[in-house]
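Down below is the structure, laid out as structure tokens.
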Amino acid sequence: MSAQTFQQAIRSHVSPEWAAEYAAIVGAEHVLTSMPHLLAYARDRLPYATFHLREGKLPGTLPLAIVCPANASELAAVVKLSRARKTPLIPFGAGSGVLGGTLPLDHEIIVDLKRLNQIVALNETDACVTVQAGMNGGQFEAWLNERKLTCGHYPQSLHMSTVGGWAACRGAGQNSSRFGKIEDMVLGLTAILPDGQELRVRSVARRAVGPSLKDLLVGSEGVLGIITELTLRVWKLPQKRYSVVIGFPCLPEALGALRDVMQAELRPALVRLYDEEESRQRGESAGIDSVRPIMAMMEFSGVERLAKVERDLAMDIVAAHGGKQIKDEPYHHWVAHRFESYSPQWQSRDYFMDTIEVTSAWSQLPELYARIRSGILGLAEGTHFGTHWSHVYAEGACQYMTFRLPPMDTAIGLRLHHRAWEIAQSVCLELGGSISHHHGSGVFRNPWMEQELGGGLSLLQAIKDHLDPDNLFVPGKLGLRPRPGAVDIHNRKDAQ
Amino acid sequence: MNQHRDMLRFCACCPNPCRRAIPANHERQIESETPSALALIGLSLIDSRLDFDADVSEMLSHTDMARLCRAACPYDHDIAGAIDGLRKHYEVKP
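If you read the sequences in order, they're chains D and H.
Straight run, no breaks: the first sequence in the numbering used here ends on number 1850.
Straight run, no breaks: the second sequence in the numbering used here ends on number 213.
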């Protein structure tokens, strides 16, 4: 089956009379059923979806309706009604996900959580804040900054995402080498389960009472429950920031330096290493040249004396790998644009642009990079491929790849785009990595989830079946069973 | 209305980094009135992929969120202005 055009979808859409029952719960003005509203919610930022929309086609289906609860009680009532009606639901924050996690595939009801957008409590003694899931990330961080605090979570999507979305998709911020990923920041949470009951995981520093229940929800992308509230760690804003921009003689030395910095137990707030392609774009005016063609940036922050010591120790390691400090213009440029999206300028001009992030052990990174780069560059003349490494650990790192295929016939472009994904994901799996570091799985990573999780996928499906026997919460995502008749974006004529 | 087409096409592909300018206490917190959503609907009209009807007119009349976002747009786009112009154009069109 091919993707439907907007007009075909509109003509075939039937809004059931009982959709109005949701109005009794949330108020009539908070139930949207008109066609332009449905169209606006028929996408997230999955590039595959954008490639379809710019052709006037739907990536999946129209949602049945959009329902906007004001609080957890209304959400629970919405869930119970949907269960009684056997109508599937998709929770929606700001729709900034790039894997199709909120894409309707079977006329689901979209539950927009942005009215749940308040700070619930701040406890400065215990260094934690409780916030509703629908709060805008940038507003949340600004609220903390006004109090000389930070959450430490700075995804590029900071201003275009919600706090609940960060946790649901197991995201990472640009300061992850200091503060960790979102799963390291969540102390407690509240969620509505598929039976409409509330699950509350109280906030405590650590516990040893069986497996971590909060981690059933963090990263679940809504398939097991809808997060309504989170308690997160907070930190004091740093007293001082020291930044350095470095030129390295080659990529292996640069990767080695980052590995040694992390294995030396240093805590850089920021680490960004660019491959030759991306270094050239960003660093030529700062001193990137044929002698040192690889650029990296680091920042150390916190208490001034400690940050200075960490910077100095790190620079000793950098020097041992042939690295040399260069001008700091690229750092300031990056700071000025760190929360912007680079996709629109290409996607709006018919390029097939996408990003893929994977996790790998240090020992496998050079081969991972070389094989994926070679494979994707070989797909079509004029293809761009660039990579950076900005989430680093003692054991390995996230490899973040940006590729774009030039404008071409859509059917061919979609096929090559899918092939690029196949190359990146299969090489990653072959080399023992994980197919996603922080973008999540959504629907677009379905083909690789079985190989990623092994027998774990059956376990996840069993948990899903127990909690959600009618398969109503975000069906067909995370590699889990779709609903009969749902759109299968991986097996349609225009994606093969 | 083609003078707005490139800007709307860009904004339709943009994930609304400007949305932080919409206050948490704003009455409506819905996706379909963000600049990018309005741009998608506006673009669909220009490209004749949507008909201009009462529902589309009603949605395009809600430009207050896009107006709030204007100052926070990294690309200096005036989506509210473009959508206002688009709606007026289609309302007078026979």
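Every residue, glycine too, gets a C-beta built ideally from N, C-alpha and C.
- Item | D/Asn-1845 (DSSP reduced to helix, strand or coil) | Residue state, collapsed to three classes: helix.
- Message: Measuring only from the beta carbon, is D/Pro-1509 closer than 7 Å to any heavy atom that is part of the ligand HEM?
- Response: For the structure depicted, the ligand HEM is absent and the ligand set is empty, with no information on it obtainable.
- According to DSSP, is D/Glu-1784 helix, strand or coil? helix
- Kindly list, in the order they appear in chain H, the residues whose Cβ is closer than 8 Å to that of D/Ser-1388. Asp-174, Glu-177 and Met-178
- List the residues of chain A whose Cβ lies closer than 8 Å to the Cβ of D/Leu-1407, in chain order. No chain A appears in this structure, whose protein chains are D and H.
- Task: Could you give the DSSP three-state label for D/Lys-1468: helix, strand or coil?
- Result: coil
- Item | Any 3 or more C-beta pairs closer than 8 Å across the segment 1507-1519 of chain D and the segment 1597-1614 of chain D | no
- Query: How would you list, in chain order, the residues of chain D whose beta-carbon sits under 7 Å from the beta-carbon of H/Asp-166?
  - Reply: Gly-1410
- Roughly how far, in whole angstroms, is the beta-carbon of D/Glu-1462 from the beta-carbon of D/Leu-1443, given that I think they are within contact range, below 8 Å? 6 Å
- Within this structure, are the beta carbons of D/Met-1389 and D/Ser-1450 separated by less than 8 Å? no
- Task: Determine the chain H residues that contact D/Cys-1422 at a beta-carbon separation under 9 Å, and present them in chain order.
- Result: Arg-147, Gln-148 and Ile-149
- Query: Mind checking if D/Leu-1429 is an interface residue toward chain H, Cβ cutoff 8 Å exclusive?
  - Reply: no
- Query: Which residue comes first and which comes last in the beta strand (DSSP E) that contains D/Arg-1595?
  - Reply: Looking at the DSSP string, the run of the beta strand (DSSP E) that includes D/Arg-1595 is 1594-1602.
- Message: So with CB distances below 7 Å, who are the chain H contacts of D/Arg-1399?
- Response: Pro-134
- In the DSSP assignment, what are the bridge partners of D/Ile-1648? D/Phe-1602
- Kindly indicate which three-state DSSP category D/Asp-1704 falls into: helix, strand or coil? In the structure shown, D/Asp-1704 sits in coil (DSSP, three-state: anything other than H, G, I, E or B).
- Taking Cβ positions only, does H/Ala-185 come closer than 8 Å to chain D? no
- Output yes if chain D places a C-beta closer than 8 Å to the C-beta of H/Asp-203; else output no. Chain D contact via Cβ: absent.
- By the criterion of Cβ-Cβ separation under 7 Å, what are the contact partners of D/Lys-1502 in chain H? Within 7 Å Cβ-Cβ: nothing; D/Lys-1502 doesn't reach chain H, min ~20 Å.
- Query: If we cut at 8 Å on Cβ distances, does H/Ala-97 have a partner in chain D?
  - Reply: Residue 97 of chain H falls outside the range modelled here, since chain H spans only 120 to 213, and no answer is possible.
- Reduced DSSP category for D/Asp-1448 - H, G, I as helix; E, B as strand; rest coil: Sequence inspection shows Ala at residue 1448 of chain D; the Asp mentioned does not correspond to that position. Coil.
- Task: Could you list which residues in chain H have their beta carbon closer than 9 Å to that of D/Gly-1564, in chain order?
- Result: The premise fails here: D/Gly-1564 is roughly 36 Å from chain H at the closest Cβ pair, so nothing lies under 9 Å.
- Message: Is there a Cβ of chain H sitting closer than 8 Å to that of D/Gln-1361, yes or no?
- Response: Taking CB atoms only, D/Gln-1361 has a neighbour in chain H less than 8 Å away.
- Close-in-space but distant-in-sequence residues of the same chain around H/Cys-133 (CB under 7 Å, 5 per side omitted): Within the same chain, Ser-155 come within 7 Å of H/Cys-133 by CB-CB distance, once the 5 residues on both sides are set aside.
- Task: Would you please state the rounded distance, in angstroms, between the beta carbons of D/Arg-1658 and D/Gln-1593? I believe it to be under 8 Å.
- Result: Here the sequence assigns Glu to residue 1658 of chain D, which means Arg is not the residue at that position. Their Cβ separation, rounded to whole angstroms, is 5 Å, which keeps D/Glu-1658 and D/Gln-1593 in contact under 8 Å.
- Is there at least one Cβ from chain H nearer than 8 Å to D/Phe-1602's Cβ? Cβ-Cβ to chain H under 8 Å: no for D/Phe-1602.
- Identify whether D/Met-1755 lies in helix, strand or coil by the three-state DSSP scheme. strand
- Message: Let me make sure I understand the geometry here. Which of H/Ser-176, H/Tyr-194 and H/Ile-149 has the alpha-carbon closest to that of H/Met-126?
- Response: With distances taken between Cα atoms, H/Met-126 lies closest to H/Tyr-194.
- Find out if the Cβ-Cβ distance for the pair D/Pro-1684, D/Gly-1637 is shorter than 8 Å. yes
- Message: At a CB distance below 8 Å, what residues from the segment 1455-1482 of chain D approach chain H? Give them in sequence order.
- Response: Flagged, chain order: Asp-1466, Lys-1468, Arg-1469, Asn-1471 and Gln-1472.
- Message: Measuring only the C-alpha atoms, how far is H/Met-178 from D/His-1391?
- Response: 8 Å
- Report buried or exposed for D/Asn-1425, applying the criterion of at least 16 other Cβ atoms within 10 angstroms of its Cβ. D/Asn-1425 should be labelled exposed.
- With 8 Å as the C-beta to C-beta threshold (strictly closer), list the residues of the segment 1600-1624 of chain D near chain H in chain order. none
- Below 8 Å on the Cβ atoms is my guess for H/Ile-198 versus H/Ala-190; work out the distance and round it to an integer in Å. In fact, because the Cβ distance is near 12 Å, the residues do not count as touching under 8 Å.
- In chain D, what lies closer than 7 Å to H/Pro-154 by C-beta? Neighbours of H/Pro-154 on chain D: none; closest Cβ ~11 Å, over 7 Å.
- Return no unless some Cβ of chain D is closer than 8 Å to the Cβ of H/His-208. no
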